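**Student:**
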Amino acid sequence: MKNIYDLQDIEFVEMDLGKIEAEAVTMLEEELGKPLYPGAPERLLMLCLLSIIIQQRALINDTGKQNLLAFSRETYLERIGDLVGEEREKHAYAYTTLKFTLSTALNFVHIIPKGTKVTADGLVYFEVEEDVEIPIGETEVETIAKCTAPGAIGNGFLPGQINQIVKPFPFFQSVENTTMSYGGLDEESDDQLRQKIHEAPEGFSTAGPDGAYKYYARKASPLIIDVEAHSPSPGVVEVVPLLENGDIPTDEIIEQVYEICNSKEIRPLTDKLVVSKPPVVYYDLNVEYWISEENKPFINQINQNVIEAISEYELWQKSKLGRDINPSKLIEMLMRAGAKRVNVISPAFLKLEKTQIAHLRNKDIVYKGVEND
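Right under this line is the structure:
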């Protein structure tokens, strides 16, 4: 399926100001039967009206683009989504894994009731969504808990911080989260909704083709920006999701992807489904750069541009599964930032497998000074 972001821009009406002005002057000269030189009152009046025509043409172009998925936005985009049954997610809830510990081992199955709430600060609460059993003779159990409030407010609680139970049950000793809470989202962005609509036709059948598995996997969370689906061995399908900003999926999101894709209405009967985290390939940045003599007055700004370009490259490198570690892209970004010459000591080019993701480990960026062309 073609990437909608690679499509060429489109215009429904001519927007070249020079061409429009030339056509308008020619038409007016024919009507008046005389040449209109620059400064002629009739020509100046026409140019005033021409600005209104240009604005109208811009509106015509923009209105036409709202009918196309690649360029549509906001409410217009939502109406396109209606055609394929896709809606904008108004919010998403954060999840985490809780570990409950009993004060003693019991000779019967102990049940932690559905709805048990735990908090870190008395402001944000996480709730157990179903009854959890602690087997006979065991004192610990882990389960997934959902934030009671939607949005990003539930994100970012580190392991061990969610440790206060609201209503203790018999034999309760302690509780804590074992994973960082993640997955909360205030509202799905236009880009996320556009991607869902683009992939919606893949969901018109069960998840047999790789595109269908990708489509259904994205439904697990609006935070998923990329998915790889492949068959590592006969009868086995591996689905590998990636989160926004190149983050590795949490156990909770992995479980959500599995539950959706493994549904009997979606997964072909003969497929064995595996949902995995992307293997991380670490790389180091060791870069030297020089600035041209003629740009010496702008050294501070260029140095700042280089720092921003490095951050942009780091994000670009980890925003797609299987994206090769490519120092040529880094050089391009640094040259565009204002560097005259760039020496990339590391990383060297490295081709990644389609499920791998590249993460930066260490960076050493050295400004080497000014030199002549």
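Numbers given in the numbering used here equal positions in the sequence shown, counted from 1, plus 66. Backbone N, C-alpha and C fix where the C-beta goes; we use that ideal spot for every residue, glycine too. Computed from a predicted structure; not experimentally measured.
Suppose you measure from the CA of R427 to the CA of P413; what does that come to, to the nearest Å?
**Tutor:** If you take the alpha carbons of R427 and P413, they lie about 11 angstroms apart.
**Student:** Could you check what DSSP says for A403 in three-state terms: helix, strand or coil?
**Tutor:** In the structure shown, A403 sits in a helix (DSSP, three-state: H, G or I).
**Student:** Report all residues from its chain with a CB closer than 8 angstroms to the CB of G151; omit the five preceding and five following residues, and keep chain order.
**Tutor:** Closer than 8 angstroms at Cβ, skipping near neighbours: A266.
**Student:** Pick from E204, R109 and Q370: whose alpha carbon is nearest that of V175?
**Tutor:** Closest by alpha carbon: E204.
**Student:** Classify D256 as helix, strand or coil using the three-state DSSP reduction.
**Tutor:** D256: helix per DSSP, three-state reduction.
**Student:** Where does I76 land, buried or exposed, given buried means 16+ other C-beta within 10 angstroms?
**Tutor:** Label assigned to I76: exposed.
**Student:** For A424 versus I368, is the C-beta spacing smaller than 8 angstroms?
**Tutor:** Going by C-beta atoms, A424 is not nearer than 8 angstroms to I368.
**Student:** Nearer than 7 angstroms: is that true of the beta carbon of Y433 relative to any heavy atom of the ligand MN?
**Tutor:** The ligand MN is not part of this structure, which contains no ligands at all.
**Student:** Please classify G84 as buried or exposed, where buried requires at least 16 other C-beta atoms within 10 Å of its C-beta.
**Tutor:** It is exposed - the Cβ of G84 has fewer than 16 other Cβ atoms within 10 Å.
**Student:** Taking the beta strand (DSSP E) that E206 belongs to, which residues open and close that run?
**Tutor:** It spans E206 to C213 - the beta strand (DSSP E) in which E206 sits, taken as one unbroken run.
**Student:** G249 to N243, Cα distance in whole Å?
**Tutor:** Roughly 15 angstroms separates the two Cα atoms.
**Student:** Identify, in the order they occur along the chain, each residue of the same chain with its Cβ nearer than 6 angstroms to the Cβ of Q261, setting aside the five sequence neighbours on each side.
**Tutor:** Nothing listed; no residue qualifies.
**Student:** Please give me, in chain order, every unbroken run of the alpha helix (DSSP H) with length at least 4 that falls completely inside the segment 86-132.
**Tutor:** As far as the segment 86-132 is concerned, its whole alpha helix (DSSP H) runs of at least 4 residues are 107-131.
**Student:** So, using beta-carbon positions, are P315 and K280 closer together than 8 angstroms?
**Tutor:** No. Outside cutoff.
**Student:** Using the rule of at least 16 other Cβ atoms within 10 Å of the residue's Cβ for burial, across every protein chain shown, is K212 buried or exposed?
**Tutor:** With 16 or more Cβ atoms within 10 Å of its Cβ, K212 is classed as buried.
**Student:** Indicate the three-state DSSP secondary structure (helix, strand or coil) for D317 in the structure shown.
**Tutor:** Helix, per DSSP.
**Student:** Rounded to whole angstroms, what's the CA-CA distance from F192 to S240? Just pull it up for me.
**Tutor:** Looking at the two C-alpha atoms, the distance is approximately 15 angstroms.
**Student:** Are three or more beta carbon pairs between the segment 296-304 and the segment 329-342 nearer than 8 angstroms?
**Tutor:** With the cut-off at 8 angstroms, the segment 296-304 and the segment 329-342 touch.
**Student:** Can you list, in chain order, the residues of its chain whose CB lies under 6 angstroms from that of V341, leaving out five sequence neighbours each side?
**Tutor:** Answer for V341: V305, I320, V323 and Y324, listed in chain order.
**Student:** Based on the DSSP output, what are the partners of L308 in its beta bridges?
**Tutor:** DSSP, once it has assigned bridges, lists D292 as partnering L308.
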